[in-house]
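Just so you know, the sequence shown maps onto residues -19 to -1, 1 to 240 in mature numbering (1 follows the signal peptide of the UniProt record, and there is no 0).
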Amino acid sequence: MKIFFMRAMLFLMFLTFFSCDTKKQKPEPKPYKAGVILSFDDAYVDEWAEADNVLKKYNWRATFNVCRIDSIGAPEIKKLLEMQKYGHEIAGHGYHHYNAVKFVQQNGIDAYMQQEIDPMIVSMKKKGFNVTSFAYPYGERSDELDKALSPDFKIIRGRAFGGELPEKQDSYFNNSKIVFAFDIDNSHIHFSIPYLLELLDYAKKHNKILILCSHKPVKEVTENYQTKIETLEFVCRYMKLNDLKFYTLSDLDDLLPKK
């Protein structure tokens, strides 16, 4: 009887130790409130500032992924710094705006880092931008690129190219540092206000963070890569009415399970 009891105790101790060890290896994701990330790509600084003036009444926050930083004039840099001070995130989008996948196929990953990433980080830091997030130009990425960029950035954003049902969309935060955004430019083949509403409703109902991207905010669309300010107001108004939270890309790092 004593031997049986001792074996049982040892077995229970083993189970307890194993359970604790497993928890250490697989930390639980942090709980978070449903919300939206509005992100903008390229260098449409004047238009971003105009949109900011319109949307400030919603206490919005957004992530602006900037490319060709050394081609941006001093007045625009000042606007970006003011937006950063207000609470927006200024993130990276490439020094030259190369298509990362195509460049690496032709020149290799080391050349990509030396020509596209390293000078971008150095120049943006000199200008006062602490860049911790990166959005791939054209949204194209690979596992090799993700691995190479991971030491430099806390969050890396690609694009969700499909127009699937909301529950099959990749454009919701999924406890990973690699995230994907749904494009709300009017020229995007899958964009429509009814579909955008479906995505927002799904985020609200299932406590998700929806990630959206666009380029140039305008009052009236005249060419590709433009998003109506009216669309941005629709999103912000929905968020306020439904108590959704504004996130930036860098906010997601605080929600990731920490090892």
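Heads up, the beta-carbon is just placed ideally off N, CA and C, and yes, glycines get one too. No experiment lies behind these values; they were computed from the predicted model shown.
Beta-carbon proximity check, residue i vs residue j, cutoff 8 angstroms
i, j, result
"A15", "A162", "no"
"V47", "H69", "no"
"Y76", "E97", "yes"
"R122", "A81", "yes"
"I50", "M94", "no"
"P156", "P10", "Correcting the residue type first, residue 156 is Asn in the shown sequence and not Pro. Contact: yes."
"I53", "A24", "yes"
"K221", "I210", "no"
"Y206", "D235", "no"
"L237", "K158", "yes"
"residue 268", "T44", "No statement about residue 268 is possible, as the shown extent of the chain runs from -19 to 240 and does not include it."
Burial state of residue i (16 or more Cβ within 10 Å)
i, result
"R218", "exposed"
"S89", "Note on residue identity: the sequence assigns Gly, not Ser, to residue 89. Classification for G89: exposed."
"residue 244", "Here the chain comprises residues numbered -19 to 240, so residue 244 is not present and cannot be evaluated."
"N34", "exposed"
"K197", "buried"
"I190", "buried"
"L67", "Leu is not the amino acid found at residue 67; the sequence shown has Tyr there. Per the 10 Å Cβ criterion, exposed."
"Q150", "buried"
"I192", "buried"
"S131", "exposed"
"L(-8)", "Because L(-8) sits at a pLDDT of 47, beneath the cut-off of 50, its placement in the model cannot be relied upon, and the following sentence gives the value as read from the coordinates. It counts as exposed."
"I18", "buried"
"L178", "exposed"
"S20", "buried"
Start and end residues, beta strand (DSSP E) containing residue i
i, result
"K200", "No beta strand (DSSP E) contains K200, which DSSP labels as neither H nor E."
"A162", "159 to 164"
"Q207", "207 to 209"
"A116", "114 to 116"
"E28", "That residue, E28, is in no beta strand (DSSP E); its alpha helix (DSSP H) goes 26 to 36."
"S168", "Here S168 belongs to no beta strand (DSSP E), and DSSP marks it neither H nor E."
"E9", "Run containing E9: none; DSSP gives neither H nor E here."
"L19", "16 to 23"
Contacting residues, own chain, Cβ-Cβ under 7 angstroms from residue i (five flanking each side not counted)
i, result
"L233", "I136, F154, V160"
"S231", "E70, T113, S114, K135, I136"
"A141", "Q150, D151, S152, F161, A162, F163"
"D22", "N46, H74, A116, C194, H196"
Terminal residues of the alpha helix (DSSP H) in which residue i lies
i, result
"L230", "Neither: L230 is in no alpha helix (DSSP H) and is coded neither H nor E."
Contacts around residue i, its chain only, beta-carbon distance under 8 angstroms, and the 5 residues preceding and following it disregarded
i, result
"E125", "V85, I90"
Other residues of its chain near residue i: CB distance less than 6 angstroms, five sequence neighbours each side excluded
i, result
"F110", "I71"
"L62", "G109"
"G139", "Y117, G120, R122, F161"
When you compare the stretch 105 to 122 with the stretch 214 to 225, are there three or more beta-carbon pairs, one atom per stretch, that lie closer than 8 angstroms? no
Would you call the stretch 22 to 31 and the stretch 169 to 176 in contact, with 3 or more CB pairs under 8 angstroms? no
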